[in-house]
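Numbering (my numbering), first residue to last: 3 to 110.
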């Protein structure tokens with residue numbers, strides 16, 4: 003797969019995950035995909051999923067599982083043979099993650 007095709011596929015997959023309708027979800031505002039290699043040497047994708055809200059007791063495990071399974075289904079539909087590992091963030095947590103990354107770059 004060429005670099006342009008890879009980038010386009012990841013962009014389309016991220017948008018498909020973001021716009022998916024999952025029962026019980028609180029709204030996905032952003033999805034960032036990041037290539038990775040798992041502990042067995044298999045290529046995979048981190049799906050950093052920013053949710054619009056969080057319930058009183060956090061995110062419902064069944065909703066998280068459904069979003070994760072949906073990401074894997076969509077990856078196959080987009081022609082990828084990569085397992086999608088979902089990580090969930092609040093908007094605040096995601097913003098703080100970006101700030102921490104910026105601080106690391108400034109100190110380097």
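Backbone N, C-alpha and C define an ideal beta-carbon position, used for all residues, glycine too.
CB contact flag (residue 47, residue 87, <8 angstroms): yes
Indicate whether residue 3 and residue 28 have their beta-carbon atoms separated by less than 8 angstroms. no
Burial state of residue 8, where buried means 16 or more other Cβ atoms lie within 10 Å: exposed
If we ignore side chains and look at the alpha-carbon of each, how far apart do residue 50 and residue 74 end up? 14 angstroms
Residues near residue 78 in its chain [Cβ-Cβ closer than 8 angstroms; skip 5 each side]: none
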